Amino acid sequence: EPEVTQTPSHQVTQMGQEVILRCVPISNHLYFYWYRQILGQKVEFLVSFYNNEISEKSEIFDDQFSVERPDGSNFTLKIRSTKLEDSAMYFCASSPTSGANEQFFGPGTRLTVL
Amino acid sequence: SQQGEEDPQALSIQEGENATMNCSYKTSINNLQWYRQNSGRGLVHLILIRSNEREKHSGRLRVTLDTSKKSSSLLITASRAADTASYFCATGSSNTGKLIFGQGTTLQVKP
Chain A
33 EPEVTQTPSH QVTQMGQEVI LRCVPISNHL YFYWYRQILG QKVEFLVSFY
83 NNEISEKSEI FDDQFSVERP DGSNFTLKIR STKLEDSAMY FCASSPTSGA
133 NEQFFGPGTR LTVL
Chain B
103 SQQGEEDPQA LSIQEGENAT MNCSYKTSIN NLQWYRQNSG RGLVHLILIR
153 SNEREKHSGR LRVTLDTSKK SSSLLITASR AADTASYFCA TGSSNTGKLI
203 FGQGTTLQVK P
C-alpha cells in the first residue's frame, strides 16, 4: 500500500542553523501539507501546497519557513534559522484530490533544536 | 477559543467495552475527520464525515455529527488492547485542505 515517507526520522541541530525536512508524498497525490506537533500539544497546521504554490499558510509559517517541490516526488520544508521553540514533530501529509478529503500522514520527523 | 476540543482528555476501559469520545468545534466546517496516533508515531486516518451527514460507520467505528451543536462523537465498539492510542478530531473548513486538530483523547484499553 502506498504511503508517505519522511526523512530523517530524527534531526538534531543547533539554534540558528538551517534544516531541511524531506517528504515523499504518495505518487498520484496533488495536495501536500506540513503540520507540526510540539511535545504534548495538539497537531498544528503549517502550510498547504498545490500546483507548485502555497495555497494557505498559518501564522506559525513565517518568513523563516519555506516549502518546495524540487522534483516530481519530493516535498521539502526548510527552516532557515532554527529556534529552540521549533523543536517538534513535523508531519508531512498528502491528499489525492481537493482539501475536503482525507489526508495521508507520514511518520514524522522529530526536530530537536539545541 | 479553540477549534476541535475533545473530551474526555483521557479514557481507560476494559477490553470488550465501548469507548466514546466527543469533539466540539466553533466555526462552520466542510467535514470532520478522526485520526488515531500511536505513541510517537504518525497520524492514521480513521473516518471522515461531511457536514451534510449525520452518522457514519466503518467497522467497529461509529461517528456522529451534529452541526447545530457543533459537535461530533466517535464510538469504538468492542474495544481491543490494540485500540490503545490517542484519538484526534480534525475539522476541515477550506478548500485548501487545512485541518484544525483538537487536543485529543488518550484511550487506554486494558486487556
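Here the protein sequences line up with chains A and B, keeping their order.
Numbering follows the working numbering, with no gaps: position 72 of the first sequence is 104.
Numbering follows the working numbering, with no gaps: position 69 of the second sequence is 171.
Note that beta-carbon positions come from the ideal geometry of N, C-alpha and C, so glycine has one too.
The model shown is predicted, which means the values in this text are computed figures rather than measured ones.
Item, Value
"Mapping the DSSP letters down to three states, classify residue 146 (chain A) as helix, strand or coil.", "coil"
"I want to verify the contact list: residues of chain A whose CB lies under 8 Å from the CB of residue 202 (chain B), in sequence order.", "77"
"Could you check whether residue 158 (chain B) and residue 128 (chain B) sit closer than 8 Å to each other, using their CB atoms as the reference points?", "no"
"Whole angstroms are fine: how far does the CA of residue 156 (chain B) sit from the CA of residue 45 (chain A)?", "47 Å"
"On a Cα-Cα basis, can you pick out the residue from B:192, B:204, B:208 and B:211 that is closest to residue 134 (chain A)?", "B:192"
"Does residue 139 (chain A) get closer than 8 Å to chain B when you measure Cβ to Cβ?", "yes"
"Between which residues of its own chain and residue 103 (chain B) is the CB-CB distance below 6 Å, once the five residues before and five after are set aside?", "For residue 103 (chain B), the predicted model reports a pLDDT of 35, less than 50, meaning its position is unreliable and no value from the coordinates is stated."
"Quick one: what does DSSP say residue 95 (chain A) is sitting in, helix, strand or coil?", "coil"
"Candidates B:207, B:175, B:188 and B:135: which alpha carbon is nearest residue 195 (chain B)'s?", "B:135"
"Can you look up residue 100 (chain A) in the DSSP assignment and give me helix, strand or coil?", "strand"
"Beta carbons nearer than 8 Å to chain A: which residues of the segment 180-209 of chain B have them?", "190, 192, 194, 196, 197, 198, 199, 200, 201, 202, 203, 204, 205 and 206"
"Exposed or buried, residue 146 (chain B), counting other C-beta atoms within 10 Å across all chains shown (16 or more means buried)?", "exposed"
"With a 10 Å radius around its C-beta and 16 neighbouring C-beta atoms as the bar for buried, classify residue 86 (chain A) as buried or exposed.", "exposed"
"Determine, for residue 107 (chain A), whether the minimum Cβ-Cβ distance to residues of chain B falls below 8 Å.", "no"
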